[in-house]
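Inspection log for the structure reproduced underneath, given as C-alpha coordinates.
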Amino acid sequence: MVSANLEEMSTPVVLLLSSSLLLGQAVKPKDLREMAKQGSGAIPKLQEYLKDPALEMRLEAVKAIARIGTQHCVDPLLQATRDNDPEVQIHAVDGLVNFYLPGYLQTGIGATLKRAGSVIKARFTDVNDQVIDPYIQVRADVVEAIGKLARGGASLESRANAARAAGILRAQGALPDLLEALRSKDSAVLYESLVALQKIHDPAAAVKIRYLLRDLDEKVQLAAIETTGLLQNKEALSDLVDVLNRPRSTAKVRRAALTAIAMIPDESSRALYTKYLTEKDERMRAAAAEGFARLKSPADRSMLAKAFEEEGKPSPRISLAFALAAGGKTEIAEFSPLQLLVNTLNSKVRQGEAFAFLVELARDPGIRAKLYTGMASGTRDEKIQLALVMARSGDQTSVAEVERLTRDGDAEVAKEALRALRNLKARL
0 MVSANLEEMS
10 TPVVLLLSSS
20 LLLGQAVKPK
30 DLREMAKQGS
40 GAIPKLQEYL
50 KDPALEMRLE
60 AVKAIARIGT
70 QHCVDPLLQA
80 TRDNDPEVQI
90 HAVDGLVNFY
100 LPGYLQTGIG
110 ATLKRAGSVI
120 KARFTDVNDQ
130 VIDPYIQVRA
140 DVVEAIGKLA
150 RGGASLESRA
160 NAARAAGILR
170 AQGALPDLLE
180 ALRSKDSAVL
190 YESLVALQKI
200 HDPAAAVKIR
210 YLLRDLDEKV
220 QLAAIETTGL
230 LQNKEALSDL
240 VDVLNRPRST
250 AKVRRAALTA
260 IAMIPDESSR
270 ALYTKYLTEK
280 DERMRAAAAE
290 GFARLKSPAD
300 RSMLAKAFEE
310 EGKPSPRISL
320 AFALAAGGKT
330 EIAEFSPLQL
340 LVNTLNSKVR
350 QGEAFAFLVE
360 LARDPGIRAK
370 LYTGMASGTR
380 DEKIQLALVM
390 ARSGDQTSVA
400 EVERLTRDGD
410 AEVAKEALRA
420 LRNLKARL
(Lines of atoms letter the chains of each structure in order from A and count residues from 1; the text may use other names and numbers.)
(Lines give C-alpha, C1' and ligand atoms only; values in the text may rest on other atoms or scores of the structure.)
Protein backbone atom coordinates (compact mmCIF):
# COMPACT_ATOMS: atom_id res chain seq x y z
CA MET A 1 0.00 0.00 0.00
CA VAL A 2 2.71 2.46 1.02
CA SER A 3 5.03 1.56 -1.85
CA ALA A 4 2.43 2.15 -4.60
CA ASN A 5 3.03 5.08 -6.96
CA LEU A 6 6.17 6.25 -5.18
CA GLU A 7 7.28 7.92 -8.39
CA GLU A 8 4.42 10.44 -7.98
CA MET A 9 5.66 11.62 -4.61
CA SER A 10 7.99 14.52 -3.98
CA THR A 11 11.63 13.50 -3.46
CA PRO A 12 11.79 14.09 0.32
CA VAL A 13 8.66 12.00 0.91
CA VAL A 14 9.87 9.22 -1.39
CA LEU A 15 13.17 9.06 0.47
CA LEU A 16 11.44 9.17 3.83
CA LEU A 17 9.02 6.37 3.08
CA SER A 18 11.62 4.33 1.19
CA SER A 19 13.98 4.55 4.15
CA SER A 20 11.23 3.42 6.49
CA LEU A 21 10.45 0.45 4.30
CA LEU A 22 14.11 -0.53 3.93
CA LEU A 23 14.59 -0.40 7.67
CA GLY A 24 11.36 -2.31 8.26
CA GLN A 25 9.89 0.62 10.17
CA ALA A 26 6.19 1.45 10.19
CA VAL A 27 5.01 4.70 8.64
CA LYS A 28 4.35 7.25 11.36
CA PRO A 29 1.76 10.06 11.65
CA LYS A 30 4.43 12.68 10.86
CA ASP A 31 5.05 10.89 7.56
CA LEU A 32 1.42 11.49 6.61
CA ARG A 33 1.83 15.18 7.38
CA GLU A 34 4.76 15.26 4.98
CA MET A 35 2.79 13.34 2.38
CA ALA A 36 -0.05 15.89 2.57
CA LYS A 37 2.30 18.64 1.39
CA GLN A 38 1.89 17.26 -2.15
CA GLY A 39 -1.70 18.50 -2.15
CA SER A 40 -4.50 16.69 -3.98
CA GLY A 41 -2.09 14.16 -5.48
CA ALA A 42 -1.57 12.65 -2.03
CA ILE A 43 -5.26 12.07 -1.30
CA PRO A 44 -5.51 8.47 -2.66
CA LYS A 45 -2.52 7.45 -0.51
CA LEU A 46 -3.85 9.27 2.57
CA GLN A 47 -7.27 7.73 2.06
CA GLU A 48 -5.79 4.26 2.52
CA TYR A 49 -4.80 5.22 6.05
CA LEU A 50 -8.42 5.97 6.93
CA LYS A 51 -8.72 2.16 7.22
CA ASP A 52 -5.60 1.75 9.36
CA PRO A 53 -6.17 -0.21 12.61
CA ALA A 54 -4.18 2.43 14.52
CA LEU A 55 -6.35 5.37 15.60
CA GLU A 56 -3.43 7.81 15.48
CA MET A 57 -2.91 7.01 11.81
CA ARG A 58 -6.60 7.46 10.96
CA LEU A 59 -6.64 10.75 12.84
CA GLU A 60 -3.59 12.08 11.06
CA ALA A 61 -4.99 10.96 7.71
CA VAL A 62 -8.36 12.67 8.16
CA LYS A 63 -6.73 15.89 9.40
CA ALA A 64 -4.31 15.89 6.47
CA ILE A 65 -7.10 15.34 3.94
CA ALA A 66 -9.20 18.11 5.54
CA ARG A 67 -6.26 20.53 5.33
CA ILE A 68 -5.80 19.89 1.60
CA GLY A 69 -9.36 21.11 1.19
CA THR A 70 -10.07 20.54 -2.53
CA GLN A 71 -13.12 18.90 -4.07
CA HIS A 72 -11.13 15.64 -4.17
CA CYS A 73 -11.27 15.58 -0.36
CA VAL A 74 -15.05 15.28 -0.10
CA ASP A 75 -15.40 11.55 -0.76
CA PRO A 76 -12.58 10.53 1.62
CA LEU A 77 -14.02 12.80 4.31
CA LEU A 78 -17.43 11.20 3.82
CA GLN A 79 -15.71 7.86 4.36
CA ALA A 80 -14.17 9.19 7.58
CA THR A 81 -17.58 10.23 8.95
CA ARG A 82 -18.32 6.50 9.17
CA ASP A 83 -15.35 5.86 11.47
CA ASN A 84 -16.30 4.61 14.94
CA ASP A 85 -14.09 7.14 16.73
CA PRO A 86 -15.71 10.48 17.64
CA GLU A 87 -12.55 12.52 17.06
CA VAL A 88 -12.19 11.18 13.54
CA GLN A 89 -15.87 11.97 12.94
CA ILE A 90 -15.42 15.54 14.20
CA HIS A 91 -12.38 16.22 12.01
CA ALA A 92 -14.19 14.71 9.02
CA VAL A 93 -17.22 16.95 9.53
CA ASP A 94 -15.05 20.03 10.05
CA GLY A 95 -13.23 19.19 6.83
CA LEU A 96 -16.51 18.95 4.93
CA VAL A 97 -17.66 22.31 6.30
CA ASN A 98 -14.27 23.81 5.45
CA PHE A 99 -14.72 22.82 1.81
CA TYR A 100 -17.88 24.95 1.61
CA LEU A 101 -16.72 27.61 4.10
CA PRO A 102 -12.93 28.01 3.67
CA GLY A 103 -11.11 28.82 6.90
CA TYR A 104 -13.53 26.88 9.11
CA LEU A 105 -10.83 24.45 10.24
CA GLN A 106 -9.20 27.23 12.25
CA THR A 107 -12.43 28.10 14.08
CA GLY A 108 -14.30 24.79 14.15
CA ILE A 109 -14.76 22.50 17.11
CA GLY A 110 -11.99 20.18 15.90
CA ALA A 111 -9.44 22.91 16.61
CA THR A 112 -10.39 22.81 20.33
CA LEU A 113 -10.36 19.03 20.88
CA LYS A 114 -8.50 17.49 23.79
CA ARG A 115 -8.23 13.74 24.34
CA ALA A 116 -7.64 11.90 27.60
CA GLY A 117 -7.49 8.21 26.79
CA SER A 118 -10.71 7.33 25.01
CA VAL A 119 -12.51 10.46 26.21
CA ILE A 120 -12.51 13.62 24.10
CA LYS A 121 -13.62 17.07 25.10
CA ALA A 122 -14.46 19.98 22.83
CA ARG A 123 -15.03 23.65 23.62
CA PHE A 124 -18.35 24.81 22.20
CA THR A 125 -18.58 28.59 22.21
CA ASP A 126 -21.77 30.64 22.19
CA VAL A 127 -20.59 32.34 19.00
CA ASN A 128 -22.44 30.34 16.38
CA ASP A 129 -23.30 32.75 13.58
CA GLN A 130 -21.43 31.20 10.66
CA VAL A 131 -23.48 30.14 7.65
CA ILE A 132 -22.74 29.62 3.97
CA ASP A 133 -24.17 31.95 1.35
CA PRO A 134 -27.51 30.79 -0.10
CA TYR A 135 -26.10 30.41 -3.62
CA ILE A 136 -23.74 27.65 -2.47
CA GLN A 137 -25.14 24.18 -3.15
CA VAL A 138 -24.13 21.38 -0.78
CA ARG A 139 -23.99 17.80 -2.03
CA ALA A 140 -26.89 15.65 -0.84
CA ASP A 141 -24.58 12.89 0.42
CA VAL A 142 -22.72 15.45 2.56
CA VAL A 143 -26.01 16.56 4.13
CA GLU A 144 -26.99 12.94 4.71
CA ALA A 145 -23.70 12.04 6.38
CA ILE A 146 -23.76 15.04 8.70
CA GLY A 147 -27.41 14.42 9.56
CA LYS A 148 -26.65 10.83 10.55
CA LEU A 149 -23.96 11.99 12.94
CA ALA A 150 -26.24 14.62 14.48
CA ARG A 151 -28.74 11.86 15.12
CA GLY A 152 -26.31 9.23 16.36
CA GLY A 153 -22.60 10.11 16.31
CA ALA A 154 -20.05 8.17 18.35
CA SER A 155 -20.15 10.72 21.20
CA LEU A 156 -22.22 13.67 22.36
CA GLU A 157 -19.45 15.99 21.16
CA SER A 158 -19.58 14.41 17.72
CA ARG A 159 -23.37 14.81 17.60
CA ALA A 160 -23.26 18.45 18.71
CA ASN A 161 -20.53 19.21 16.18
CA ALA A 162 -22.56 17.64 13.37
CA ALA A 163 -25.63 19.64 14.40
CA ARG A 164 -23.58 22.83 14.24
CA ALA A 165 -22.32 21.83 10.79
CA ALA A 166 -25.88 21.18 9.57
CA GLY A 167 -26.80 24.74 10.48
CA ILE A 168 -23.72 26.28 8.86
CA LEU A 169 -24.47 24.39 5.64
CA ARG A 170 -28.21 25.26 5.74
CA ALA A 171 -28.80 21.52 5.49
CA GLN A 172 -32.54 21.35 4.89
CA GLY A 173 -32.27 17.63 4.24
CA ALA A 174 -30.92 17.09 7.76
CA LEU A 175 -34.06 18.46 9.46
CA PRO A 176 -35.43 15.02 10.47
CA ASP A 177 -32.06 14.18 12.01
CA LEU A 178 -31.91 17.47 13.91
CA LEU A 179 -35.40 16.94 15.28
CA GLU A 180 -34.34 13.47 16.39
CA ALA A 181 -31.25 15.01 18.01
CA LEU A 182 -33.57 17.18 20.11
CA ARG A 183 -34.54 14.03 22.01
CA SER A 184 -31.09 14.16 23.61
CA LYS A 185 -30.67 15.23 27.21
CA ASP A 186 -27.30 16.80 26.48
CA SER A 187 -27.34 20.60 26.52
CA ALA A 188 -24.69 21.03 23.81
CA VAL A 189 -26.56 18.76 21.39
CA LEU A 190 -29.83 20.54 22.14
CA TYR A 191 -28.36 24.02 21.78
CA GLU A 192 -26.52 23.31 18.53
CA SER A 193 -29.60 21.62 17.05
CA LEU A 194 -31.81 24.59 17.92
CA VAL A 195 -29.40 27.10 16.37
CA ALA A 196 -29.22 24.89 13.27
CA LEU A 197 -33.02 25.05 13.00
CA GLN A 198 -32.78 28.86 13.10
CA LYS A 199 -30.30 28.90 10.22
CA ILE A 200 -32.25 26.41 8.09
CA HIS A 201 -35.37 28.46 8.89
CA ASP A 202 -38.13 25.98 8.12
CA PRO A 203 -41.24 27.13 10.06
CA ALA A 204 -42.59 23.58 10.05
CA ALA A 205 -39.89 22.60 12.55
CA ALA A 206 -41.08 25.08 15.19
CA VAL A 207 -43.96 22.94 16.47
CA LYS A 208 -41.47 20.26 17.53
CA ILE A 209 -39.65 22.42 20.09
CA ARG A 210 -42.43 23.79 22.32
CA TYR A 211 -41.46 21.53 25.22
CA LEU A 212 -37.99 23.12 25.31
CA LEU A 213 -39.40 26.57 26.10
CA ARG A 214 -39.24 25.59 29.77
CA ASP A 215 -35.97 23.66 29.69
CA LEU A 216 -34.05 23.76 32.96
CA ASP A 217 -30.81 24.73 31.20
CA GLU A 218 -31.15 28.47 30.58
CA LYS A 219 -28.92 28.39 27.52
CA VAL A 220 -31.13 25.76 25.90
CA GLN A 221 -34.29 27.58 27.00
CA LEU A 222 -33.07 30.87 25.50
CA ALA A 223 -32.23 29.14 22.21
CA ALA A 224 -35.66 27.49 22.13
CA ILE A 225 -37.40 30.82 22.80
CA GLU A 226 -35.40 32.58 20.10
CA THR A 227 -36.02 29.77 17.60
CA THR A 228 -39.75 29.86 18.31
CA GLY A 229 -39.83 33.59 17.59
CA LEU A 230 -37.69 33.42 14.46
CA LEU A 231 -39.82 30.59 13.04
CA GLN A 232 -42.98 32.49 14.08
CA ASN A 233 -44.80 29.62 15.74
CA LYS A 234 -48.14 31.20 16.59
CA GLU A 235 -49.25 28.06 18.40
CA ALA A 236 -46.57 28.71 21.03
CA LEU A 237 -47.63 32.29 21.74
CA SER A 238 -49.41 31.36 24.98
CA ASP A 239 -46.35 29.40 26.11
CA LEU A 240 -44.13 32.43 25.52
CA VAL A 241 -46.49 34.66 27.49
CA ASP A 242 -46.42 32.14 30.32
CA VAL A 243 -42.61 32.12 30.30
CA LEU A 244 -42.60 35.94 30.30
CA ASN A 245 -44.92 36.11 33.32
CA ARG A 246 -43.38 33.32 35.40
CA PRO A 247 -41.91 34.73 38.65
CA ARG A 248 -38.90 32.42 38.37
CA SER A 249 -37.91 33.58 34.88
CA THR A 250 -34.63 35.49 34.83
CA ALA A 251 -34.24 38.88 33.18
CA LYS A 252 -32.54 37.22 30.19
CA VAL A 253 -35.42 34.78 29.74
CA ARG A 254 -38.06 37.50 30.06
CA ARG A 255 -36.29 39.66 27.46
CA ALA A 256 -36.01 36.72 25.09
CA ALA A 257 -39.67 35.80 25.62
CA LEU A 258 -40.95 39.31 24.86
CA THR A 259 -38.65 39.58 21.83
CA ALA A 260 -40.00 36.25 20.53
CA ILE A 261 -43.60 37.38 21.15
CA ALA A 262 -42.82 40.55 19.19
CA MET A 263 -41.74 38.39 16.22
CA ILE A 264 -45.18 36.76 16.05
CA PRO A 265 -47.64 39.50 15.04
CA ASP A 266 -50.93 39.17 16.90
CA GLU A 267 -53.34 41.82 18.17
CA SER A 268 -53.72 39.88 21.42
CA SER A 269 -50.17 40.98 22.32
CA ARG A 270 -50.92 44.71 22.06
CA ALA A 271 -51.53 45.08 25.82
CA LEU A 272 -48.12 43.52 26.53
CA TYR A 273 -46.38 45.91 24.15
CA THR A 274 -48.14 48.88 25.73
CA LYS A 275 -47.13 47.72 29.21
CA TYR A 276 -43.46 47.22 28.39
CA LEU A 277 -42.95 50.24 26.14
CA THR A 278 -42.31 52.29 29.29
CA GLU A 279 -40.44 49.54 31.17
CA LYS A 280 -37.27 50.53 33.03
CA ASP A 281 -35.34 47.74 31.26
CA GLU A 282 -34.27 49.17 27.87
CA ARG A 283 -34.22 45.72 26.24
CA MET A 284 -37.87 45.24 27.17
CA ARG A 285 -38.73 48.66 25.73
CA ALA A 286 -36.96 47.70 22.51
CA ALA A 287 -38.84 44.39 22.28
CA ALA A 288 -42.16 46.14 22.86
CA ALA A 289 -41.41 48.61 20.07
CA GLU A 290 -40.59 45.72 17.72
CA GLY A 291 -43.97 44.20 18.56
CA PHE A 292 -45.73 47.41 17.55
CA ALA A 293 -43.65 47.46 14.35
CA ARG A 294 -45.03 44.12 13.25
CA LEU A 295 -48.62 45.09 14.02
CA LYS A 296 -48.11 47.86 11.42
CA SER A 297 -50.99 50.00 12.63
CA PRO A 298 -50.97 53.67 11.52
CA ALA A 299 -53.08 54.37 14.61
CA ASP A 300 -50.00 53.74 16.78
CA ARG A 301 -47.89 56.32 14.99
CA SER A 302 -48.40 59.32 17.28
CA MET A 303 -47.78 57.25 20.40
CA LEU A 304 -44.62 55.73 18.89
CA ALA A 305 -43.42 59.13 17.64
CA LYS A 306 -43.67 60.51 21.16
CA ALA A 307 -41.73 57.54 22.56
CA PHE A 308 -39.13 57.95 19.79
CA GLU A 309 -38.53 61.60 20.67
CA GLU A 310 -38.24 60.87 24.39
CA GLU A 311 -36.08 57.74 24.14
CA GLY A 312 -32.45 58.30 25.14
CA LYS A 313 -31.01 54.81 24.75
CA PRO A 314 -29.78 53.72 21.29
CA SER A 315 -31.23 50.20 21.14
CA PRO A 316 -34.88 51.02 21.94
CA ARG A 317 -34.59 54.17 19.81
CA ILE A 318 -33.56 52.04 16.81
CA SER A 319 -36.47 49.68 17.51
CA LEU A 320 -38.86 52.63 17.66
CA ALA A 321 -37.49 53.88 14.32
CA PHE A 322 -38.27 50.42 12.93
CA ALA A 323 -41.80 50.64 14.33
CA LEU A 324 -42.43 54.08 12.86
CA ALA A 325 -41.12 53.08 9.43
CA ALA A 326 -43.20 49.89 9.46
CA GLY A 327 -46.23 51.98 10.40
CA GLY A 328 -45.86 54.23 7.37
CA LYS A 329 -43.33 56.93 8.28
CA THR A 330 -40.99 56.06 5.43
CA GLU A 331 -39.49 59.31 4.20
CA ILE A 332 -35.72 59.52 3.81
CA ALA A 333 -34.77 62.81 5.45
CA GLU A 334 -32.47 64.10 8.15
CA PHE A 335 -33.55 62.74 11.56
CA SER A 336 -36.29 60.56 10.00
CA PRO A 337 -36.71 57.03 11.42
CA LEU A 338 -35.76 55.30 8.18
CA GLN A 339 -32.69 57.50 7.78
CA LEU A 340 -31.67 56.67 11.34
CA LEU A 341 -31.73 52.97 10.49
CA VAL A 342 -29.58 53.56 7.40
CA ASN A 343 -27.15 55.73 9.39
CA THR A 344 -26.86 53.02 12.04
CA LEU A 345 -25.38 50.68 9.44
CA ASN A 346 -22.15 52.64 10.04
CA SER A 347 -22.07 51.58 13.70
CA LYS A 348 -20.17 48.34 14.34
CA VAL A 349 -22.00 48.00 17.66
CA ARG A 350 -25.56 48.52 16.35
CA GLN A 351 -25.14 47.51 12.71
CA GLY A 352 -26.67 44.06 13.24
CA GLU A 353 -29.84 45.49 14.77
CA ALA A 354 -30.38 48.00 11.98
CA PHE A 355 -29.60 45.41 9.31
CA ALA A 356 -32.21 42.96 10.63
CA PHE A 357 -34.88 45.68 10.74
CA LEU A 358 -34.05 46.86 7.22
CA VAL A 359 -34.29 43.30 5.91
CA GLU A 360 -37.89 43.22 7.18
CA LEU A 361 -38.75 46.70 5.98
CA ALA A 362 -37.28 46.10 2.51
CA ARG A 363 -39.93 43.48 1.83
CA ASP A 364 -42.21 46.46 1.20
CA PRO A 365 -41.67 47.62 -2.43
CA GLY A 366 -42.14 51.28 -1.50
CA ILE A 367 -39.51 51.18 1.25
CA ARG A 368 -37.20 49.11 -0.92
CA ALA A 369 -37.29 51.77 -3.63
CA LYS A 370 -36.34 54.46 -1.10
CA LEU A 371 -33.38 52.41 0.11
CA TYR A 372 -31.93 52.33 -3.40
CA THR A 373 -30.90 55.96 -2.83
CA GLY A 374 -28.70 54.91 0.08
CA MET A 375 -27.16 52.19 -2.05
CA ALA A 376 -26.19 54.70 -4.71
CA SER A 377 -24.79 57.50 -2.56
CA GLY A 378 -24.17 56.10 0.92
CA THR A 379 -20.99 55.39 2.82
CA ARG A 380 -19.01 52.20 2.29
CA ASP A 381 -20.84 50.43 5.11
CA GLU A 382 -24.24 51.67 3.95
CA LYS A 383 -23.64 50.45 0.40
CA ILE A 384 -22.41 47.05 1.52
CA GLN A 385 -25.11 46.45 4.11
CA LEU A 386 -27.93 47.65 1.87
CA ALA A 387 -26.68 45.38 -0.92
CA LEU A 388 -26.87 42.49 1.55
CA VAL A 389 -30.35 43.64 2.58
CA MET A 390 -31.44 43.40 -1.06
CA ALA A 391 -29.92 39.94 -1.31
CA ARG A 392 -32.34 38.89 1.43
CA SER A 393 -35.41 40.97 0.56
CA GLY A 394 -35.00 42.36 -2.95
CA ASP A 395 -36.97 41.50 -6.06
CA GLN A 396 -36.20 41.60 -9.76
CA THR A 397 -35.96 45.41 -9.66
CA SER A 398 -33.15 45.11 -7.13
CA VAL A 399 -30.86 43.23 -9.52
CA ALA A 400 -29.82 46.31 -11.50
CA GLU A 401 -29.29 48.33 -8.31
CA VAL A 402 -27.01 45.73 -6.76
CA GLU A 403 -25.30 45.08 -10.07
CA ARG A 404 -24.40 48.79 -10.25
CA LEU A 405 -22.50 48.44 -6.98
CA THR A 406 -20.38 45.62 -8.40
CA ARG A 407 -18.68 48.37 -10.44
CA ASP A 408 -18.20 50.70 -7.46
CA GLY A 409 -14.83 52.42 -7.17
CA ASP A 410 -14.36 50.94 -3.69
CA ALA A 411 -13.04 47.41 -4.16
CA GLU A 412 -14.58 46.18 -0.91
CA VAL A 413 -18.01 47.49 -1.92
CA ALA A 414 -17.68 45.87 -5.35
CA LYS A 415 -16.67 42.52 -3.85
CA GLU A 416 -19.52 42.41 -1.33
CA ALA A 417 -22.01 43.61 -3.95
CA LEU A 418 -20.99 40.73 -6.23
CA ARG A 419 -21.61 38.31 -3.38
CA ALA A 420 -24.98 39.94 -2.68
CA LEU A 421 -25.90 39.76 -6.36
CA ARG A 422 -25.17 36.03 -6.51
CA ASN A 423 -27.33 35.43 -3.44
CA LEU A 424 -30.15 37.62 -4.79
CA LYS A 425 -30.21 35.82 -8.13
CA ALA A 426 -30.11 32.43 -6.42
CA ARG A 427 -33.12 33.37 -4.26
CA LEU A 428 -35.07 34.79 -7.19
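Just so we're aligned, residue 0 is where the sequence shown starts under numbering that gives the first Met the number 0, counting upward by one. Yeah, the Cβ is synthetic: ideal placement off N, Cα and C, and Gly gets one too. As the structure is a prediction and not an experimental result, all values here were calculated from the model.
Boundaries for V130: no alpha helix (DSSP H) harbours it, and the DSSP string shows neither H nor E there. Within its own chain, the residues whose Cβ lies closer than 8 Å to the Cβ of N97, once the five positions on either side in sequence are excluded, are A65, G68, Y103, L104, G107, listed in chain order. Nearest C-alpha to R32 among L58, D140, L54, P52: L58.
One thing to note: S157 has its Cβ no nearer than 8 Å to the Cβ of Q231. When DSSP states are grouped into helix, strand and coil, R349 belongs to the coil group.
K198: member of the alpha helix (DSSP H) spanning 186-199, first to last residue. Secondary structure at K251: helix, using DSSP grouped into helix, strand and coil.
When rounded, the separation of the alpha-carbon atoms in V398 and A386 is 10 Å. As the crow flies, the alpha-carbon of T111 is around 12 Å from that of N160.
Per the DSSP secondary-structure output, V118 pairs in a beta bridge with A115. Each residue's CA atom was taken as its position, placing T378 and E179 some 46 Å apart. I145 is the residue among R122, I145, A287, R284 whose C-alpha sits nearest the C-alpha of G94. Annotation for K279: no residue places its beta carbon closer than 8 Å to its own, counting only its chain and skipping 5 residues before and after. With a cut-off of 8 Å on Cβ pairs, the stretch 239-257 is in contact with the stretch 218-225, counting three or more such pairs. Note on geometry: alpha-carbon atoms of V137 and R247 lie some 43 Å from one another. A direct Cα-to-Cα measurement between A79 and H71 gives close to 14 Å. Contact annotation: L276 and R284 have beta-carbon atoms nearer than 8 Å. E225 is a Cβ neighbour of A259, given a cutoff of 8 Å. L215 places its beta carbon 8 Å or farther from that of I199. Relative to the Cα of A115, the nearest Cα in the group K207, P85, N244, F123 belongs to P85. DSSP places T372 within a helical segment (H, G or I) once states are collapsed to three.
Here F334 is exposed: its Cβ has fewer than 16 other Cβ atoms, across all protein chains shown, within 10 Å.
Excluding sequence positions up to five before and after P336, its CB lies within less than 6 Å of the CB of A320, L323, A324, K328, all in the same chain and listed in chain order.
Rounded to the nearest angstrom, the gap between the Cα atoms of G151 and R367 is 45 Å. When A332, P364, Q384 are compared, the shortest CA-CA separation from E352 is found for Q384. Around the CB of N422, 16 or more other CB atoms lie within 10 Å, so the residue is classed as buried. By the C-beta density criterion, Y371 is buried, having at least 16 other C-beta atoms within 10 angstroms. By the C-beta density criterion, E191 is buried, having at least 16 other C-beta atoms within 10 angstroms. Scanning its chain for C-beta atoms nearer than 7 Å, with the 5 sequence neighbours on each side dropped, one finds around M374 the residues K382, L385, A386, E400, L404, in chain order.
Beyond the five residues adjoining it in sequence on each side, G109 comes within less than 7 Å, by CB distance, of I89, H90, D93 in the same chain, given in chain order.
Annotated three-state conformation of K36 is coil, per DSSP. Shown here, V137 sits in coil according to DSSP, grouped into three states, outside any helix or strand.
Within the same chain, and ignoring the five residues on either side of V130 in sequence, the residues whose Cβ sits closer than 6 Å to its Cβ are I167, K198. The alpha carbon of A41 has as its nearest neighbour, out of A25, L344, A60, the alpha carbon of A60.
Pairing I119 with S154 gives a Cβ-Cβ distance under 8 Å.
Considered as a whole, the stretch 52-113 harbours 54-67, 73-79, 85-99, 103-106 as its complete alpha helix (DSSP H) runs of no fewer than 4 residues, in chain order.
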